[in-house]
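Reviewing the structure listed below.
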């Protein structure tokens, strides 16, 4: 069982860091640009089929700085928690996971999205990240429901969600514009009340 460390300075902390046996998840920083640029550039063909169309300035330093600023604003306002995934052994950037569309009130829910550098894919890193993120969402953010939408032919992502205890809920027609085309998605969800499920993820 990976160990999780949640560091809170207040109810709305300045930052957060999730620490497991092999991974550290934290908010992006300006100093991450070089690693991020290299990983995204070399993984472009691998990632593009599953992401919105990349902008012409997608990989520029100025675009990255704007991204970090937006991430900080969304986190400070409680709208999202965007994480980069780092391997603890050498601090290598592996990918990213965003807790977004955080809804309070009657919903108490969020959406998650994620990406992994091509050379690190299929090695269990994203599952390890979910083992940290899911308890953080339910215990740290005190939300009740996690949603994840997946393109039907993205079998790798579907297997990951099912292993992490997510349940398939329905088919969404032309839900998101991905790589220039409106694509159907399958909706998955996981509830705080689901308890321990496949993949041995434990929740409060």
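In my numbering, the protein residues as written are 18 to 221. Glycine included, C-beta positions come from ideal geometry on N, C-alpha and C.
Item to check | Own chain partners of residue 168 with C-beta closer than 7 Å, once the 5 adjacent residues on each side are dropped | outcome: Hits under 7 Å: 67, 195, 200, 202.
Checklist entry - Since residue 206 sits in a beta bridge, which residues does DSSP pair it with? => result In the DSSP output, where bridge partners are listed per residue, residue 206 has 164, 184.
Item to check | Distance, residue 92 Cα to residue 155 Cα | outcome: When rounded, the separation of the alpha-carbon atoms in residue 155 and residue 92 is 17 Å.
Item to check | Buried/exposed call for residue 174, threshold 16 Cβ in 10 Å | outcome: Label assigned to residue 174: buried.
Checklist entry - When DSSP labels each residue in this structure, what does residue 36 get in the three-state scheme? => result Correct three-state label for residue 36: strand.
Checklist entry - Over what stretch of residues does the alpha helix (DSSP H) that includes residue 147 continue unbroken? => result Taken as a continuous stretch (DSSP letters only), the alpha helix (DSSP H) holding residue 147 covers 142 to 152.
Checklist entry - Straight-line CA distance for residue 107 to residue 40? => result Whole-angstrom Cα-Cα distance: 10 Å.
Next on the checklist: Could you tell me the alpha carbon to alpha carbon distance between residue 186 and residue 137, rounded to whole angstroms?
Outcome noted: Rounded to whole angstroms, the separation of the alpha carbons of residue 137 and residue 186 is 29 Å.
Checklist entry - Taking just the CA atoms, how far does residue 74 sit from residue 181? => result If I take the Cα positions, the gap works out to 35 Å.
Item to check | Same chain, Cβ closer than 7 Å to residue 49, five either side skipped, listed in chain order | outcome: Same-chain partners within the cutoff: 101, 110.
Checklist entry - Do residue 135 and residue 206 have their C-beta atoms closer together than 7 Å? => result No, they are not a contact pair.
Checklist entry - Since residue 110 is in the beta strand (DSSP E), which residue starts that stretch and which ends it? => result Its beta strand (DSSP E) spans residues 109 to 120.
Item to check | residue 79: first and last residue of the uninterrupted alpha helix (DSSP H) it sits in | outcome: In this chain, the alpha helix (DSSP H) harbouring residue 79 covers 78 to 93.
Item to check | Exposure label - residue 112; buried when at least 16 CB within 10 Å | outcome: It is buried - the Cβ of residue 112 has at least 16 other Cβ atoms within 10 Å.
Item to check | First and last residue of the uninterrupted alpha helix (DSSP H) at residue 222 | outcome: The structure shown does not extend to residue 222, since the chain is modelled only from 18 to 221, so the question has no answer here.
Checklist entry - How would you write the range of the alpha helix (DSSP H) that residue 53 sits in, first residue to last? => result Segment 50 to 59, the alpha helix (DSSP H) holding residue 53.
Item to check | Straight-line gap, residue 210 to residue 32 (C-alpha atoms, nearest Å) | outcome: Taking the straight line joining both Cα atoms gives about 27 Å.
Next on the checklist: Residues in the same chain with beta-carbon distance under 7 Å from residue 204, minus the five sequence neighbours each way, listed in chain order, please.
Outcome noted: Within the same chain, and ignoring the five residues on either side of residue 204 in sequence, the residues whose Cβ sits closer than 7 Å to its Cβ are 164, 166, 186, 187, 189.
Checklist entry - Which stretch, first to last residue, makes up the beta strand (DSSP E) that contains residue 126? => result Note, residue 126: beta strand (DSSP E), 126 to 133.
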